[in-house]
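Protein chains: 2
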Amino acid sequence: MTLIFKSDADSWADWRQHLRDAAPDLACRDWDEPGDDDSVEFALVWKPPFGELRRRFRNLKAIFSLGAGVDHLLADSDLPPGVPIVRMVEPELTRGMTEYVVLHVLRYHRQTPLFEEQQREHVWRVVPTPTAPKRRVGIMGLGVIGQDSLRVLSALGFALSGWSRTAKSIPGVTCHHGLDGLTAFLTEVDILVCLLPYTADTDNILNRNLLDRLPRGAYLINAGRGGLQDEDDILAALDSGRLAGVTLDVFREEPLPAGHAFWDHPNVTITPHNAGTAQAWSGAAEVAANIKRIRDGQAPLNIADPAAGY
Amino acid sequence: MTLIFKSDADSWADWRQHLRDAAPDLACRDWDEPGDDDSVEFALVWKPPFGELRRRFRNLKAIFSLGAGVDHLLADSDLPPGVPIVRMVEPELTRGMTEYVVLHVLRYHRQTPLFEEQQREHVWRVVPTPTAPKRRVGIMGLGVIGQDSLRVLSALGFALSGWSRTAKSIPGVTCHHGLDGLTAFLTEVDILVCLLPYTADTDNILNRNLLDRLPRGAYLINAGRGGLQDEDDILAALDSGRLAGVTLDVFREEPLPAGHAFWDHPNVTITPHNAGTAQAWSGAAEVAANIKRIRDGQAPLNIADPAAGY
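So the sequence lines, in the order shown, correspond to chains L and Z. So for the first sequence, my numbering puts the first residue at 1; every next one is plus one. So for the second sequence, my numbering puts the first residue at 1; every next one is plus one.
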C-alpha cells in the first residue's frame with residue numbers, strides 16, 4: 001500500500017516523516033522517485049500534470065489535494081474515472097487562512113498603510129480610528145475556512161456578514177446567499193474578504209459589476225483563487241476610488257508576472273500565495289485517518305463534488 | 001453638578017453629546033470654557049497641567065483619567081488631596097488595545113515586513129511560515145487589557161505566556177510574576193508585548209538587561225508607556241540582532257522628536273500613541289455609572305492605587 005506525493009514546495013521530507021508516524025504501514029514515495037506505480041493506491045498532490053494520475057497509477061483509491069481547493073485537479077479532463085477527490089481539511093491550513101484574513105482585515109481597519117506612510121514622512125498625526133463594532137467585514141465563502149475566520153473576527157467584535165452559494169446560518173453573522181442576495185451583501189461591507197472556491201460559477205466573480213456595488217472606499221482581500229478576480233477591473237476600481245486598497249494572495253498567473261501593474265501599485269499588497277498551507281505535523285494525521293476510513297470500507301471525509309466544482 | 005473635560009484630541013463635542021445622553025442632569029464643560037469652577041465635582045481629563053486640578057476645583061469628588069493609565073495624573077505632586085483617581089476601563093478602549101496587539105503580533109508572526117520588501121523588489125518567493133501554535137507570544141501586564149488581548153490571541157492558537165507584578169492565573173496561559181519570574185518568562189518568548197503601567201518599578205524596564213534575556217531575533221511590541229523603554233538599548237538590540245523588529249506606539253518624548261533614529265530605522269514600526277482610545281459612545285456610560293456610584297455613597301470602580309502607581 002503506497003502513497004505518492006507531489007508538491008511544488010520543499011515539504012516532502014516533512015510529510016514523509018509525519019505520514020510514517022501517522023500510518024506506519026503506508027509506504028510513501030515522492031512523485032519523481034522510481035518505484036512500482038501499480039502499488040500506489042493514494043495520491044497526495046498539488047498540481048499534478050494533467051493526465052498523469054490516470055496514466056501512471058492504475059490502482060488509485062483516492063486523490064488527496066494538498067491544498068484546500070481542488071480546482072487544480074478538477075481542471076484535469078483526464079482524471080482516473082471513479083476515484084474520489086478529497087479536499088484538504090486540516091486544522092493548521094484553516095488556521096493559517098484565518099491568521100491571514102484577521103491580519104489583513106485588522107491592517108485595513110487600523111489604517112496601517114496610512115501610518116506607515118506617516119512614518120516614512122516623519123509625520124506624527126493621530127487619526128481617529130473607530131473600533132471593530134463600527135467596521136463591517138463581509139466574507140464571501142462560508143465553508144470551514146470562512147467560518148473559522150468569522151469566529152476570530154467575532155471575538156474582535158467586528159460587524160459581520162457573509163455570502164455563500166447556498167443558504168447558511170451562522171450566529172452573529174448576517175448571512176446572504178445566491179446571486180439574488182449579492183447586492184444586499186455588498187452594499188453594506190467596508191472590508192470584503194473573498195474565500196470562494198474557484199468554479200465555473202465563480203470564475204471572474206470579482207469584476208466591475210460586483211465591485212461597483214461596494215461602498216466607495218471599500219477594501220478587498222482575496223485569498224481564494226486568482227481566477228476569481230478580474231485584474232483589470234480591480235485596477236480600475238482602485239483608480240476610481242471605489243476601492244481604497246486591495247490585498248491579494250492569489251493571481252490569474254502565478255508567480256505574478258514581473259511586469260504586472262500590481263507590483264508597484266501603492267494601494268495593492270501582494271503575498272506569494274501563502275495565506276494557508278497544509279502543515280505536515282497536523283495534516284498527515286488527517287490523511288492517515290481518511291485512508292483508514294477507505295480501508296475500512298467507508299467513504300473518505302471531505303470528498304469534492306465535481307458537479308459543484310469544489 | 002458639573003464635569004470638567006480635558007483632552008488633547010478633538011473629542012469634546014463627541015464626549016459632551018454622549019455624557020448628556022448617559023447623565024442628563026450632569027452639566028459638562030470643556031477645560032477652557034468659562035464657568036463656575038466651584039460647581040465642578042468631576043474631572044474627566046488627559047494630561048492636565050500640574051497643580052491646576054487642585055488650584056481651580058475646590059469641590060472635586062473624583063478625577064477620571066481619559067486613558068487607561070493614570071501616570072499622567074500621579075506624576076502631579078500637587079493633586080487635590082483625598083480625591084480618588086479613577087482609571088478608564090471601558091470596553092472600546094480595551095478593544096482598541098486588543099486590536100493593536102493582535103494586528104502587530106500577526107504582522108510579525110506572518111513575516112509581513114519581509115513580504116512587503118519582496119513586493120518592493122518584485123520578488124515572488126514563498127517562505128514557510130509556522131502556524132500560531134509554534135509561535136510563543138508573551139505579554140507583560142495582565143490587567144484588563146492584557147487579558148483581553150490574550151483572549152483573542154488564544155482564539156488564534158498562539159503559545160501564550162504572561163508576566164505580571166503579582167501572581168495571576170489565566171487558563172491556557174503560562175503565568176510568571178515578579179522579578180524572580182522574569183528570566184523564565186523572557187527566555188521562551190518569540191514576540192514580547194508590553195502593556196505594563198508606568199510606575200517607579202517599571203521605569204526603563206525594557207532595557208538591555210531585560211532584552212538580553214530574549215531569544216535572538218525576538219520581536220518587541222510596546223503599547224504601554226514610553227517611559228518603560230530605554231530607547232538607546234532598543235536600538236542597540238536591533239543592531240546586534242537580539243531584536244529582529246520593534247513596534248512602538250509610545251515614546252519617551254511624544255510626539256517623537258523629528259531627529260529620532262526610530263523614524264528611519266528599517267526594523268522599527270511607529271504609531272502615534274493611538275493603540276487604544278476611550279470611545280465616547282461607549283466610555284460615557286462607564287463614567288456616568290461611576291458618578292452615580294459616588295452620588296449613591298459608593299466608592300467608584302477602578303480606583304487607582306497611588307502606592308502601586310496604577
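Even for Gly, the Cβ is constructed at its ideal location relative to N, Cα and C. Note that the structure is a prediction, hence the values are computed from the model and not measured.
| Query | Result |
| --- | --- |
| Residues that H122 of chain L contacts on chain Z, provided the C-beta gap is smaller than 7 Å | A258 and W263 |
| Per-residue burial, S7 of chain L [other beta carbons within 10 Å of its own, 16 or more giving buried] | buried |
| Any non-hydrogen atom of the ligand NAP within 8 Å of P81 of chain Z CB | For the ligand NAP, the structure offers nothing, since it holds no ligand at all. |
| Proximal chain Z residues relative to R151 of chain L, where beta-carbon distance stays under 8 Å | A155 |
| Best match in Z:R213, Z:V89 and Z:C28 for proximity to M290 of chain Z [C-alpha to C-alpha] | The amino acid occupying residue 290 of chain Z in the given sequence is Asn; Met does not appear at that position. Looking at the Cα atoms, Z:V89 is the closest of the given residues. |
| Per-residue burial, V127 of chain L [other beta carbons within 10 Å of its own, 16 or more giving buried] | exposed |
| Where M140 of chain Z sits in the DSSP three-state scheme | strand |
| G69 of chain L burial status per 10 Å Cβ neighbour count (16 or more: buried) | buried |
| Stretch-stretch touch, CB-based, cutoff 8 Å, three pairs: the region 29-47 of chain L with the region 1-18 of chain L | yes |
| A244 of chain L versus L:A132, L:H109 and L:G178, residue with shortest Cα-Cα distance | L:H109 |
| Within 9 Å, strictly: CB atoms of R135 of chain L and I191 of chain L | yes |
| Test: E254 of chain L CB closer than 9 Å to a CB of chain Z | yes |
| Contacts that A288 of chain L makes with chain Z (C-beta to C-beta distance below 8 Å) | What A288 of chain L touches in chain Z: nothing, since even the nearest Cβ is about 19 Å away. |
| Three-state secondary structure (DSSP) of K47 of chain Z | coil |
| Cutoff 9 Å: N274 of chain L Cβ touching any chain Z Cβ | yes |
| Residue-level contact to chain Z via CB, A285 of chain L, 9 Å cutoff | no |
| Buried or exposed (CB count within 10 angstroms, at least 16 for buried), Q119 of chain Z | buried |
| Proximity to L267 of chain L [Cα-Cα], best of L:T94, L:F251 and L:G241 | In the sequence under discussion, the amino acid at residue 267 of chain L is Asn, which differs from the Leu named in the question. Considering only alpha carbons, the answer is L:G241. |
| Simplified DSSP state of L198 of chain L, which is helix, strand or coil | One point to set straight first is that residue 198 of chain L is Tyr, not Leu, in the sequence displayed. It is coil, neither helix nor strand. |
| Per-residue burial, D36 of chain L [other beta carbons within 10 Å of its own, 16 or more giving buried] | exposed |
| Chain-ordered chain Z contacts of F115 of chain L [CB-CB under 9 Å] | T269, I270, T271, P272 and N274 |
| Same chain, Cβ closer than 6 Å to V193 of chain Z, neighbours up to 5 away in sequence not counted | V101, I139 and I221 |
| E254 of chain L beta carbon less than 9 Å from that of H273 of chain L | yes |
| Segment limits, alpha helix (DSSP H) that includes K292 of chain Z | A280 to R295 |
| Residues that Y108 of chain L contacts on chain Z, provided the C-beta gap is smaller than 8 Å | Ordered by position in chain Z, no residue passes the 8 Å Cβ test against Y108 of chain L, which lies about 10 Å from the chain. |
| A27 of chain Z beta carbon less than 9 Å from that of S39 of chain Z | yes |
| Pairwise C-alpha distance: L103 of chain Z and F115 of chain L | 13 Å |
| Nearest candidate by alpha-carbon position, reference G178 of chain Z, set Z:A13, Z:A155, Z:T202 and Z:G51 | Z:T202 |
| Nearest to L93 of chain Z (by Cα), restricted to the options Z:G157, Z:P133, Z:D148 and Z:R125 | Z:D148 |
| Interface partners of E90 of chain L on chain Z, CB under 9 Å | The contacting residues do not exist; E90 of chain L stays about 11 Å from chain Z at best. |
| Uninterrupted alpha helix (DSSP H) stretches inside the region 96-151 of chain Z (no shorter than 4 residues) | 112-120 |
| Closer than 9 Å at the beta carbon, the chain L residues around A9 of chain Z | V126 and P128 |
| Reduced DSSP secondary structure (H/G/I, E/B, other) of I205 of chain Z | coil |
| Contact check, A275 of chain Z vs D249 of chain Z, beta carbons under 9 Å | yes |
| Straight-line gap, T112 of chain Z to L73 of chain Z (C-alpha atoms, nearest Å) | 37 Å |
| Length of the line joining the Cα atoms of G162 of chain L and N204 of chain Z | 46 Å |
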